[in-house]
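I have placed the structure first, in the form of structure tokens, so that the comments after it can refer back to it.
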Amino acid sequence: MSVIDTSRPAQADMFALPRPFVDWFATKGWQPRAHQLELLAKAEAGLSTLLIAPTGAGKTLAGFLPALTDLARRGKPKPGSIRPGVHTLYISPLKALAVDIERNLGVPVGEMDLPVTIETRTGDTPASKRQRQKLAPPDILLTTPEQVALLLSHKDADRFFADLRYVIFDELHSLVTSKRGQLLSLGLARLRMLQPELQTIGLSATVAEPDELRRWLVRQASGADALSELITVDGGATPEITILKSDDRIPWSGHSARYALPDVYEAIKAHGTTLIFVNTRSQAELIFQALWTLNEDSLPIALHHGSLDVGQRRRVEAAMGQSALRAVVATSTLDLGIDWGDVDLVVHVGSPKGASRLAQRIGRANHRMDEPSKAILVPANRFEVMECQAALDANYLGAQDTPPIEPGALDVLCQHILGMACSAPFDADALYAEVTGAAPYADLDRETFDRCVHFVAHGGYALQSYERYAKIKQTKDGTWRIAHPAVAQQYRLNAGTIVAAPELTVRLVRPGAGGKGRGGRVLGKIEEIFLEQLVYGDTFLFAGKVLRFEGIRESEAFASNAPTLEAKVPAYMGGKFPTTTYLSAQVRKMLADPAQWHRLPPQVSEWLGYQKQNSLVPGADDMLVETFPRGERFYMVAYPFEGRLAHQTLCMLLTRRLERAKARPIGFVASDYAVAIWGLKDMGAMIGGGDLSLTELFAQDMLGDDLEAWLDESFVFKRSFRYCALIAGLIDKRHPGKEKTGRQVTVSTDLIYDVLRTHEPDHILLQATRNDARAGYLDVGRVNALLARIKGRIVHKGLDRISPLAVPVMLEIGKEPVISSETGDALMAEKAMETEALVREAMGEDMLD
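When you line the sequence shown up against my numbering, it's residues 1456 to 2304, in that order.
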């Protein structure tokens, strides 16, 4: 491992660079940094390397320097010679990042007149260009994980990658922690088979466990623990992070942060270019629209998120690159590696939900290592004030909380097996050895691998009589090949692990067109379930516009510009980050220590003071459980601080136990911080009288039979199966000339699910589904850690009224994701009255005065 001080440039090893590079650095008045030359030296020694360096340290140039110098030495192909295949593969988690790298890398290549061709290949690349790239590959191909899987599925993959020397993984920490990363790891294993001398370069700024990434970068052997080289760069300016101080009252709950938007607008006016990050697409639409309402100075403010049409996204990116915008409201589509040196402020609306995510996003400001990034955190509610303070503290301490790399998923493996058969017949022994060289699948046993092969071959025992599920078949020589050429076509239409909610294309048409609109500009895509709830004339917010719904035809929804500013808001699925375990622990410590409350805004510290006075403030490792009556119901509110996903699972299991205890629960709600369960029987009295034991209620054995019984009955299992079936290739969403609707996919998978549950309960996809449901949708591991932490540390407080700390979660009861334009004002007024009533009840009149 090398730890490098980048406070001074490197000079001694300049001779390692070809002359054009030496001259170029001299012309710019620059010198390569020590870690850039160190990485070059390791690459030229044949070593794969992970580079961890702060934002602005020149990671991108360091990653490409080995490839550029090698290509410079190789020179231009001789006239008439066969053009070499791809020399360097650069893989990015974001399309926008690949486009940005092409723009930035092209500048030095052009200025040095290097004989290097650079191109991007993403889902946005036209089919004609992708086909041309296969016949005449560029020297450096900038692409995404999905495109790697597609390229490897073609028969000419060995020719295309015949000259491959380097694979560069940018923002590696972001690539490896999902099913995308698992599929990519399998693709990397295949690339190593095609090119055994292949070298990998991993680039990252935020890493909690470097050794996990080092394993991922190199081939794993049975019984060994291979690691890549590691270069860690110290240094970098300490960022300037503040939490917004607003004169307006911080909301008790919610995520819109409307109270702070006038202050955000003033911050935009006071800076050159501002990036405003939010956690969801619906937040982005709301905040963009609100800022335009405030925009009396007509500042150029843009919107960027994944549902927008690619043309609009590229226009925003180009305008940012030209410093033509004063602000961009964005989701995670712009939070990785984009090099916009003129961004001098990042505003984060809402909690970043993790220390590493905050470090990643604020690194977009300045993007220069020796100058501090400047960021403002805007908490959307009172609990988020503490979250933002904890994230700020973690950033100054250099704490990281990137999630761990999980074992490889079986549905992903099934997809990869089919992709390899599409490329060429495979030998099962050889493919198993190849697959287990990938870090996420290093511990995969042969029996499970063979079950995956047999699933791809015939769908499993219960489905083997149906020809449609027979994707591959075994030949006389024992190898496996695709059953029909159409199988390869279907695979390439459906490859990838991103299973988004079913969406419809939104097209802008003239008013009154109904469902017969033709032509018109494509604005992007919205979830099918939202659009199907609309009727003609309803208004909604999308692409920064207020639109009127005109109708749906096939896979398109039609909308016109609306004459009103009031609208419904698309309730996008996904995009809600869970609060990390690290950040949750820091919030609990802050809450438990009144000596820290002075760092919080007065209205928040006073709120906590009222909690201490009227109830209890839990210790850092304790869990407070409050019970109180309200109206005709009885409430139990607990404060685990483990994130909404874990809390929802906890609530579903608790209600089953409360039913058995005759507590008659009738509903629950979960926030990131607390859970509330209400029922018809006084749970506080039951606890006091010994009829309900909190120790037994929160015992860890709830994750045994209770969890399994609930899973067997729940919709979560079916939804998880649907996603696994799509990834594994059991169900194809896309077909030549037509595409299934979300409802058709649901019906198909539900029918198959029922068959498998009845006739083959140990089916490989049900096993994959159970793993996914426990980890991805239920966060069972975190629930288990919570139950272990609070064992013997549950503190009960019986109250005669709601406590101050319970107000936020109580306000979550009955919230809907979509509010109509006609009833929105009335509902908001009603909610305001409810908030006032809850606060008066919890703390008395003086808190409102």
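Heads up, the beta-carbon is just placed ideally off N, CA and C, and yes, glycines get one too.
Non-local beta-carbon contacts of Arg2237 in its own chain, meaning distances under 6 Å to residues more than five positions away in sequence, involve Glu2097 and Ala2101 in chain order. Of the residues Val1688, Pro1600 and Ala1681, the one whose Cα lies closest to the Cα of Ala1517 is Val1688. Taking Leu1505 as reference, the option from Pro1581, Ala1660 and Pro1532 with the minimal CA-CA separation is Ala1660. Contact between Leu2166 and Phe2172 holds: CB atoms are separated by about 5 Å, below the 8 Å threshold. When only Cα atoms are considered, Ser1737 and Glu1574 end up about 33 Å apart. Secondary-structure assignment with DSSP links Ala2012 through a beta bridge to Val1961 and Ile2007. In its chain, beyond the 5 residues on either side, Gly1642 have a beta carbon closer than 6 Å to the beta carbon of Val1603. Comparing alpha-carbon positions, the option among Leu1868, Ser1878, Asp1884 and Gly1951 lying closest to Phe1910 turns out to be Leu1868.
One Cα belongs to Ser1762, the other to Leu1959, and the distance between them is close to 10 Å.
Here DSSP, grouped into helix, strand and coil, assigns Pro2120 to strand. With a threshold of 16 other beta carbon atoms within 10 Å, Asp1882 falls short and is exposed. Counting along the chain, Trp1935 sits inside the beta strand (DSSP E) bounded by residues Trp1935 to Ile1937. Under DSSP, no beta-bridge partner is assigned to Trp2052. In the DSSP annotation of this structure, the continuous segment of the alpha helix (DSSP H) that includes Gln1744 starts and ends at Arg1736 to Leu1749.
Per the C-alpha coordinates, the member of Thr1934, Ala1888 and Ala1725 positioned closest to Arg1645 is Ala1888. The Cβ atoms of Tyr2037 and Ala1676 do not sit closer than 8 Å to each other. The DSSP assignment places complete alpha helix (DSSP H) segments of no fewer than 4 residues inside the stretch 1857-1886 at 1865-1878, in order along the chain.
By the CB criterion at 8 Å, Ile1696 and Ile1817 fall inside the cutoff. In this structure the stretch 2259-2266 touches the stretch 2064-2076; the number of beta carbon pairs closer than 8 Å is three or more. Residues of the same chain with a CB within less than 8 Å of the CB of Asn1750, apart from the 5 flanking positions on each side, are Tyr1720 and Ile1756 in chain order.
In the three-state reduction of the DSSP assignment, Pro2084 falls in the strand class, which pools E and B. When rounded, the separation of the alpha-carbon atoms in Gly1484 and Pro1563 is 14 Å.
Put simply, the stretch 2216-2229 does not touch the stretch 2079-2087. Fewer than three CB pairs are less than 8 Å apart. Rounded to the nearest whole angstrom, the C-alpha separation of Arg1558 and Leu1596 is 13 Å. By DSSP's assignment, Phe2089 forms a beta bridge with Pro2084 and Gly2134.
Linking Glu1499 to Asp1866 through their CA atoms gives a straight-line distance of about 37 Å.
Between the stretch 2104-2117 and the stretch 2045-2057 there are fewer than three inter-stretch CB-CB distances shorter than 8 Å, so the stretches are not counted as touching. Leu2135 sits exposed, since fewer than 16 C-beta atoms from the chains shown fall within 10 Å of its C-beta. Its chain contains Thr1728, Pro1755, Ile1756, Ala1757, Val1771 and Ala1774 as the residues whose beta carbon lies nearer than 8 Å to that of Leu1780, once the 5 sequence neighbours on both sides are disregarded; these appear in chain order. Sequence-distant Cβ neighbours of Arg1647 in its own chain, meaning closer than 6 Å and more than five residues away, are Leu1653 and Arg1674.
Counting only unbroken stretches of 4 or more residues, the alpha helix (DSSP H) elements lying wholly within the stretch 1582-1617 are 1582-1590, 1600-1607 and 1612-1615, in sequence order. Separation of the CB atoms of Arg1614 and Thr1952 is rounded to 26 Å, and the pair is thereby denied contact status at 8 Å. Inter-segment contact for the stretch 1799-1814 and the stretch 1826-1843 is present: three or more beta-carbon pairs are separated by less than 8 Å. Approximately 18 Å separates the beta-carbon atoms of Asn1836 and Pro2095; this is outside 8 Å, ruling out the contact. Within the DSSP secondary-structure output, Leu1763 pairs in a beta bridge with Gly1979. The residues Met2078, in chain order, have a CB closer than 6 Å to that of Ile2245 in the same chain once the five nearest residues on each side in sequence are set aside.
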